[in-house]
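Residue numbers (mature numbering (1 follows the signal peptide of the UniProt record, and there is no 0)): -36 to -1, 1 to 338.
Ideal placement from N, C-alpha and C gives every residue a C-beta, glycine not left out.
Note that the structure is a prediction, hence the values are computed from the model and not measured.
So this is what it looks like as structure tokens:
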């Protein structure tokens, strides 16, 4: 017969034995797991790729799948990695390469600068001088393999129609479509009659969309021009003369006009260069057969014994030794004329001797092949 104390003791012993069996079972399970299957840590990182699912520890036969990051595409290899019993991975061999964009298009009237065509690369755009960039100055190679934003446009810098100065006009102006002008297009200004242009007559369209300058047209007057010595001026009453108005000069008889016959009122209020009247020359020889400006004549046949400025008389000097003559020129220079020192005026008795002008001309070899004057 068991008393109550004995029953209570037996019940307690049974509970202790059950707990011990439970802990023993769990220990055996853990020991079996530790000896048979190990856990895997996270798989290795692959450049430009990510994997799923994400966990701290992976059990035997757990798998992850890799995919390339944004802007990259699979180039080669496998995408799946598996946790092995030994706690290591059967690694994926995937390789990811950046997406490539096509080469940027040609930018008309501009330049494109770049280093690469791969995802994330940038191109920079600029326009040639005289052109403005319309659009973004940079473009990015996107994950879709296209450049964004799209290629800009280089448009020419334009200028509005030019201003016309007071009393002025446009002599040359060829506008383009839309009545506009492009960078470096030029124009030519002029002034209305009686007005002088001050400043450059030409202007061009600049980078800042304005014309380089605008000249000025001023009303210019000149006083009555002065007379010239030994000359005259066409009828010109005492008054003020307008810009570019002209007077004409002439000379007295036998005087030669040296310089332009017209003088013009210039923009500085002065007259342009006036001519000069050059004086004639008197021929002092009495008798001589000569050449006047290359033509045979006798001195006594020259009207009033006067020759004009610039005329040339050729005298013949006798060479007594070689019985020939030397031709010597003398030119009239504004009233100044001299007879060659070698020339001798024929005397009274020279009518019986041969004139030097009729002798053959002397040559360097003292030959007598030249034809004398008749």
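Pairwise C-alpha distance: residue j and residue i
i: residue 278; j: residue 204; result: 49 Å
i: residue 183; j: residue 141; result: 35 Å
i: residue 358; j: residue 192; result: It is not possible to answer for residue 358, since the shown part of the chain is limited to -36 through 338.
i: residue 252; j: residue 224; result: 36 Å
i: residue 236; j: residue 190; result: 12 Å
i: residue 137; j: residue 232; result: 28 Å
i: residue 105; j: residue 43; result: 26 Å
i: residue 271; j: residue 195; result: 18 Å
i: residue 34; j: residue 96; result: 35 Å
i: residue 187; j: residue 244; result: 31 Å
i: residue 240; j: residue 229; result: 18 Å
i: residue 81; j: residue 148; result: 36 Å
i: residue 69; j: residue 158; result: 57 Å
i: residue 71; j: residue 87; result: 12 Å
i: residue 178; j: residue 145; result: 16 Å
i: residue 53; j: residue 67; result: 41 Å
i: residue 348; j: residue 268; result: Because residue 348 is not part of the residues shown, which for the chain are -36 to 338, the question remains open.
i: residue 319; j: residue 262; result: 12 Å
i: residue 201; j: residue 234; result: 17 Å
i: residue 94; j: residue 10; result: 50 Å
i: residue 12; j: residue 139; result: 57 Å
i: residue 19; j: residue 101; result: 45 Å
Within 9 Å, strictly: CB atoms of residue i and residue j
i: residue 171; j: residue 153; result: no
i: residue 309; j: residue 249; result: yes
i: residue 57; j: residue 40; result: yes
i: residue 55; j: residue 7; result: yes
i: residue 259; j: residue 301; result: no
i: residue 306; j: residue 273; result: no
i: residue 180; j: residue 156; result: no
i: residue 63; j: residue 36; result: yes
i: residue 103; j: residue 51; result: no
i: residue 78; j: residue 107; result: no
i: residue 340; j: residue 227; result: Residue 340 lies beyond the stretch modelled for the chain, which goes from -36 to 338, so this question has no answer here.
Own chain, CB closer than 8 Å to residue i, minus 5 neighbours either side, in chain order
i: residue 198; result: 211, 212, 213 and 214
i: residue -2; result: Per-residue confidence for residue -2 stands at a pLDDT of 48, beneath the threshold of 50, marking its modelled position as unreliable; no derived number is given.
i: residue 134; result: 126, 128, 151, 152, 153 and 154
i: residue 99; result: 89, 113, 114, 115, 116 and 117
i: residue 266; result: 247 and 256
i: residue 299; result: 242, 243, 244, 245 and 273
i: residue 185; result: 204, 205, 206, 207, 229 and 233
i: residue 174; result: 123
Cutoff 7 Å; reference residue i; Cβ partners in own chain excluding five residues on either side
i: residue 326; result: 283, 286, 288, 289 and 290
i: residue 264; result: 251
i: residue 304; result: 279, 281, 292 and 294
i: residue 176; result: 167, 168 and 170
i: residue 91; result: 73, 74, 97 and 118
i: residue 1; result: 24 and 49
i: residue 38; result: 32, 58 and 60
i: residue 143; result: 125
i: residue -8; result: With a pLDDT of 42 at residue -8, under the threshold of 50, the predicted position of this residue should be treated as unreliable, and no value is reported.
i: residue 3; result: 21, 22, 23 and 51
i: residue 76; result: 68, 87 and 89
i: residue 131; result: 155, 156, 159 and 181
i: residue 120; result: 94, 95, 146 and 147
i: residue 163; result: 177, 179 and 180
Close Cβ partners of residue i (< 6 Å) along its chain, the five nearest in sequence each way excluded
i: residue 256; result: 277
i: residue 220; result: 242, 272 and 273
i: residue 85; result: 105
Three or more C-beta pairs closer than 8 Å, one from the region 124 to 142 and one from the region 92 to 111: is that the case here? Short answer: they don't touch.
Mind the definition here: the region 47 to 64 touches the region 21 to 33 only if three or more C-beta pairs lie below 8 Å; say whether that holds. Touching, yes.
I'd like the ranges of any beta strand (DSSP E) spanning at least 3 consecutive residues and lying wholly in the region 45 to 128. Listed in chain order, the beta strand (DSSP E) runs fully inside the region 45 to 128 are 59 to 62, 74 to 78, 86 to 91, 95 to 98, 102 to 105 and 117 to 120, counting runs of at least 3 residues.
Could you pull out every unbroken beta strand (DSSP E) segment of at least 3 residues lying fully inside the region 126 to 211, listed in chain order? Listed in chain order, they are 132 to 136, 150 to 155, 159 to 162, 166 to 168, 180 to 183 and 195 to 197.
Segments of 4+ residues assigned as alpha helix (DSSP H) that fall wholly inside the region 238 to 279: Those alpha helix (DSSP H) runs which fall completely within the region 238 to 279 and span 4+ residues do not exist here.
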